[in-house]
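First up is the structure itself, then whatever we jot down about it.
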Amino acid sequence: MSFQSNEKSLTTSDIKRPDIKTADAPLGRNDLARLVAADIAPGSFVNLGIGQPTLVSNYLTEEQDITLHTENGMLGMGPEAHGEDIDGDLINAGKIPVTELPGASYFHHADSFAMMRGGHLDICVLGAFQVSATGDLANWHTGAPGAIPAVGGAMDLATGARDVFVMMTLLTREGASKIVETCTYPLTGVGCVTRVYTDKAVFFTGPQGVTVRETFGCTLEELQDLVPVPLTAAVGP
Amino acid sequence: MSFQSNEKSLTTSDIKRPDIKTADAPLGRNDLARLVAADIAPGSFVNLGIGQPTLVSNYLTEEQDITLHTENGMLGMGPEAHGEDIDGDLINAGKIPVTELPGASYFHHADSFAMMRGGHLDICVLGAFQVSATGDLANWHTGAPGAIPAVGGAMDLATGARDVFVMMTLLTREGASKIVETCTYPLTGVGCVTRVYTDKAVFFTGPQGVTVRETFGCTLEELQDLVPVPLTAAVGP
Amino acid sequence: MLDFVDTVETAVAGIKDGSTVMIGGFGNAGQPFELIDALLDCGATDLTVVNNNAGQGDQGLALLIREGRVRKMICSFPRQSDSWHFDAKYTAGEIELELVPQGNLAERIRAAGAGLGGFFTPTGYGTMLADGKETRIIDGRGHVFETPLSADVALIKALTADRKGNLVYRKTARNFGPIMAAAARHTIVQVSDIVPTGALDPETVVTPGIYVNSIVRVTGRTDSAGTTAGTAEKVA
Amino acid sequence: MLDFVDTVETAVAGIKDGSTVMIGGFGNAGQPFELIDALLDCGATDLTVVNNNAGQGDQGLALLIREGRVRKMICSFPRQSDSWHFDAKYTAGEIELELVPQGNLAERIRAAGAGLGGFFTPTGYGTMLADGKETRIIDGRGHVFETPLSADVALIKALTADRKGNLVYRKTARNFGPIMAAAARHTIVQVSDIVPTGALDPETVVTPGIYVNSIVRVTGRTDSAGTTAGTAEKVA
């Protein structure tokens, strides 16, 4: 028996995919959410950010036994509440009414962010404006003049979880890559992103730069044409 | 309505004693404990140190409605437990079985010392080896060569409570004053003691030096002969 | 000292101009709406307000801001779809904003209640929210120095109090309540229910009464946080 | 990952030589005696142990120290009337001692679990326990810089666990358990009872299961902390 390390580490799914895979077509939002969900190791504690990452919860299976954290003070969050189940005292970080699963627990805000900052969450899934080759994240502020800044828990989530997964389209509406050499938007966290799930490929980011686990509807060479940082195929551990 | 300040302040009993009083004889330990108990303002939250300060609890009245804190994680501690009431999971900081009063609460060690350090306890009563004119406290370590040091919660208690009362005999067995210009024993805390209850007098200590509230069995002049720091009579506010 | 007061007006009457006021709640959960309304009515101004947000819609904190009573907001997420009163004041340069990552905000509030002088946190390191702050590399990781955040007054909402002031909360309405109660010099709590001393299990008390100064019972608002105005009831 | 194990021997089998081990308890309350006995039996040595004390009498931690398995103690109060094994080793220069004021010890453990890089505390300022440490005057008051204290393993005792690993404690036996569970990379808990998921009220959970790795049910010791050896029972 050996004890689990507290350090950032690849989950079991990485071991199972030594070769780069290529799908026929880009992935839609729901397929991407399904892929992220399947990559989460059984028994994990996970925080799903507001927006696209929330879709992941639709594809988690009971067998995975994933515990969801919401930073406003709860572990064991269940699905969104509807109708009579709506309780104003039971909301998620997006202020949407949710439900409570058996085995849940409540705690105050300092304890909740201590849990996050202390590296106890296995995975946090976030949206992003940009991710740099070394895993810097920009997802909170456009930096536009006159924009009112609001950060919420974004920086805490980016800094705290053992693995930070980003879900986003690879390209902006204008066709620019959101994976960049250096973020031009204001940073949320430095070197925090370990994995980026996009419609065209799954990337690993970190100190050694960007590797590609699989592509969707394009080859690695075609992908390289879109992304302004050197890409290599990810190899198994 | 005005809100209570978090700062160290004299309690109401000071206001009631503008003139220095002189009793006929030195006070015994129990009489001293009775005096301390009577000086604690109604509704206070109090931590009584191990040893002589524990005697104070014998003289607290129900009307005073004092809540006792024990640093191993409890508010609302009751008297020592005996016989069938002994419960190994319910002990005080001296590891003596105690009881629980209605309205008690339990919390972990970090929360308990946060309560103390954050200045939420009104009064802490401690024993001492020495107290300096400016309220430095030495009560944890003789500094003797080869002595194994052990501090426990002494420094936290000295630093945390709004008012730190010391209970001790004025003189050592060798006849030396325990109120000193500068402590020669290793310090527990700097400038933390606000009041010293001894068998011969009650002193106020602080940045302005030492004043005497009342004497027991001696005059202020006789007291001055025993204590190597300038004494003046305390005046009402 | 602990007081049980009959009305929210009495509870907030001691709040002075220029005070720093912490207000509990995250979204509507745990927001002490009736105490905020009373603060609006009592006229105190030039306030610094600590809350996770900067007011929503046309109620509570948003109205305090609209009326120009808030000099400065300390919060993590001021901009929301319905934060129009804050947005207007901010754009006009009529309100100061100190933006703090939510976990740092919570930890700063806790540090004040815990009597700490400050702490190093990895959150925010390398971002514009660390600009001008002391930083330090600890065990190879960048950290930012954050200072404790205390207040003159906290306005919070709990579910139940006993006569010793011990509090329990309900679900995610707990949020900032316990740490604000400890960080403020005077903590005012609105509760749905007041029970006799001894009726709360000592193992389950979340905020011990030592952190509580004034309690007022408020009824009339449903848990699903409708807009019905509550009423303070005379306590038994 | 959470495991329910059948015996205390299995629970501690992964503890390696050279580990830092936190042990819960204050006096006998909350001491995980059976886990400590298993640690003694498993042979791990060169340990750094974090506990409020340094062993009492001829049981538990005192025996680990007597057997020379503890390289270093980090504690607040080593010297007691019955700490003869520690006293002997210390006097012989065979054990290292890091003495920490009790509240700083608790706060350092909390800081590790909370992912902080360190904090300034007024406790200990101006004393010999601040010698060699960074100090700073903050708001006119002296503070000492204290660093987080983490561990490879924590051995703690709780009253009841559910199948998700959520824990509740009993009275002052709670003490260091919750903060050690969060500060250790691997937390092993002995409990008196294991209940189905959903049997603990989510409002009253003290340690959420996220902080727990191994749970073993131990029965046989009375609450008044007699010296009867406990036995691990096969969990349902």
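Residue numbers (my numbering), protein chains in the order written: chain W, 24 to 260; chain H, 24 to 260; chain F, 457 to 692; chain L, 457 to 692.
Yeah, the Cβ is synthetic: ideal placement off N, Cα and C, and Gly gets one too.
Here the structure is a predicted model, which is why all the values come from computation and not from measurement.
Residue i vs residue j beta-carbon contact at 7 Å
| i | j | result |
| --- | --- | --- |
| glycine 150 of chain H | glutamine 75 of chain H | yes |
| glycine 99 of chain H | alanine 127 of chain H | yes |
| phenylalanine 136 of chain W | aspartate 88 of chain W | no |
| alanine 476 of chain F | aspartate 608 of chain F | Note on residue identity: the sequence assigns threonine, not alanine, to residue 476 of chain F. For threonine 476 of chain F and aspartate 608 of chain F, yes; Cβs fall inside 7 Å. |
| aspartate 145 of chain W | serine 67 of chain W | yes |
| alanine 610 of chain L | alanine 640 of chain L | yes |
| alanine 510 of chain L | proline 534 of chain L | yes |
| leucine 519 of chain F | leucine 496 of chain F | yes |
| proline 261 of chain W | leucine 555 of chain F | Nothing about residue 261 of chain W can be read from this structure; chain W reaches only from 24 to 260. |
| arginine 619 of chain F | threonine 653 of chain F | yes |
| aspartate 222 of chain W | proline 49 of chain W | yes |
| valine 468 of chain L | alanine 494 of chain L | yes |
| methionine 636 of chain F | isoleucine 666 of chain F | no |
| valine 148 of chain H | valine 216 of chain H | no |
| methionine 104 of chain W | threonine 122 of chain W | A small fix is needed here, since residue 104 of chain W is alanine in this sequence, not methionine. The answer is yes: Cβ separation under 7 Å. |
Any non-hydrogen atom of the ligand FAD closer than 6 Å to residue i Cβ
| i | result |
| --- | --- |
| asparagine 70 of chain H | This structure lacks the ligand FAD, and indeed carries no ligand of any kind. |
Closer than 8 Å at the beta carbon, the chain F residues around residue i
| i | result |
| --- | --- |
| glycine 573 of chain L | Phe575, Phe576, Thr577, Pro578, Arg592, Ile594, Asp595, Arg597 and His599 |
| aspartate 179 of chain W | Pro557, Gln558, Gly559, Asn560 and Thr579 |
| arginine 140 of chain H | Ala570, Gly571 and Leu572 |
Buried or exposed (CB count within 10 angstroms, at least 16 for buried), residue i
| i | result |
| --- | --- |
| proline 168 of chain H | exposed |
| isoleucine 593 of chain L | exposed |
| methionine 457 of chain F | exposed |
| glycine 474 of chain L | exposed |
| valine 250 of chain W | buried |
| serine 537 of chain L | exposed |
| threonine 263 of chain H | Nothing can be reported for residue 263 of chain H: it is not among the residues displayed for chain H, which extend from 24 to 260. |
| asparagine 622 of chain F | buried |
| leucine 615 of chain L | buried |
| alanine 60 of chain H | buried |
| glycine 486 of chain L | buried |
| serine 36 of chain W | Because serine 36 of chain W sits at a pLDDT of 42, beneath the cut-off of 50, its placement in the model cannot be relied upon, and the following sentence gives the value as read from the coordinates. With fewer than 16 other Cβ atoms within 10 Å, it is exposed. |
| lysine 545 of chain F | buried |
| threonine 683 of chain L | With a pLDDT of 35 at threonine 683 of chain L, under the threshold of 50, the modelled position of this residue cannot be trusted; read the value that follows with caution. So threonine 683 of chain L counts as exposed. |
| proline 120 of chain W | buried |
| serine 25 of chain H | With a pLDDT of only 44 at serine 25 of chain H, under 50, the local geometry of the prediction cannot be trusted, and no value is derived from it. |
Neighbouring residues, chain H, relative to residue i (Cβ below 7 Å)
| i | result |
| --- | --- |
| asparagine 484 of chain L | Gly111 |
| isoleucine 635 of chain L | His131, His132 and Ala133 |
Contact set between residue i and chain F, taken where Cβ atoms lie within less than 9 Å
| i | result |
| --- | --- |
| asparagine 70 of chain W | Going along chain F, no residue has its Cβ under 9 Å from asparagine 70 of chain W, so there is no contact; the nearest lies around 12 Å. |
Contact list for residue i against chain L, beta-carbon separation under 7 Å
| i | result |
| --- | --- |
| glutamate 490 of chain F | Those within 7 Å of glutamate 490 of chain F in chain L number zero; the least Cβ separation is about 23 Å. |
| alanine 127 of chain W | Pro658 |
| isoleucine 114 of chain H | Gly483, Ala485 and Thr628 |
Proximal residues of chain L, C-beta to C-beta of residue i below 8 Å
| i | result |
| --- | --- |
| valine 624 of chain F | Glu659 |
Contacts that residue i makes with chain W (C-beta to C-beta distance below 8 Å)
| i | result |
| --- | --- |
| serine 532 of chain F | Ala173, Val174, Gly175 and Gly176 |
| leucine 458 of chain L | Gly66 |
Contact list for residue i against chain F, beta-carbon separation under 7 Å
| i | result |
| --- | --- |
| threonine 182 of chain W | Pro578 and Thr579 |
| proline 209 of chain W | Thr583 and Met584 |
| glycine 96 of chain W | Thr628, Arg630 and Asn631 |
| valine 213 of chain W | Tyr581, Gly582 and Gly598 |
Residues bridged to residue i [DSSP beta-bridge criterion]
| i | result |
| --- | --- |
| glutamate 103 of chain H | H:Val121 |
| serine 475 of chain L | DSSP, once it has assigned bridges, lists no residue as partnering serine 475 of chain L. |
| valine 461 of chain L | Beta-bridge pairing links valine 461 of chain L to no other residue. |
| glutamine 646 of chain L | L:Lys613 and L:Val672 |
| glutamate 237 of chain H | H:Lys44 and H:Val225 |
| tyrosine 129 of chain H | H:Met97 |
| phenylalanine 489 of chain F | For phenylalanine 489 of chain F, which the question treats as bridged, DSSP gives no partner whatsoever. |
| leucine 656 of chain F | Paired residues: none, contrary to the question. |
Under 7 Å from the C-beta of residue i: neighbouring residues of chain W
| i | result |
| --- | --- |
| glycine 654 of chain L | Pro125 and Gly126 |
Per-residue contacts from residue i into chain W (C-beta, under 9 Å)
| i | result |
| --- | --- |
| isoleucine 565 of chain F | His132 and Ala133 |
Chain H contact residues for residue i, given Cβ-Cβ distances below 8 Å
| i | result |
| --- | --- |
| alanine 638 of chain F | Ala137, Met138, Gly141 and His143 |
- Query: Could you give the uninterrupted runs of the alpha helix (DSSP H) lying entirely in the stretch 503–561 of chain L, keeping only those of 4 residues or more?
  - Reply: Along the stretch 503–561 of chain L, the alpha helix (DSSP H) occurs as fully enclosed runs of 4 or more residues at 517–522 and 540–547, listed in sequence order.
- Query: Going along the chain, which unbroken runs of the alpha helix (DSSP H) with 4 or more residues stay wholly within the stretch 165–232 of chain H?
  - Reply: DSSP runs (the alpha helix (DSSP H)) wholly in the stretch 165–232 of chain H: 177–183.
- Item | Runs of alpha helix (DSSP H) wholly within the stretch 590–641 of chain F (minimum 4 residues, chain order) | Inside the stretch 590–641 of chain F, DSSP marks whole alpha helix (DSSP H) runs of 4 or more residues at positions 633–639, from first to last along the chain.
- Scan the stretch 133–167 of chain W and note each continuous beta strand (DSSP E) run of 3 residues or more that stays entirely inside, going in chain order. Here the runs fully enclosed are 146–149 and 153–155.
- Please specify which runs of the beta strand (DSSP E), each continuous and at least 3 residues long, are wholly inside the stretch 55–95 of chain W, giving them in chain order. Correct list: 68–71 and 90–93.
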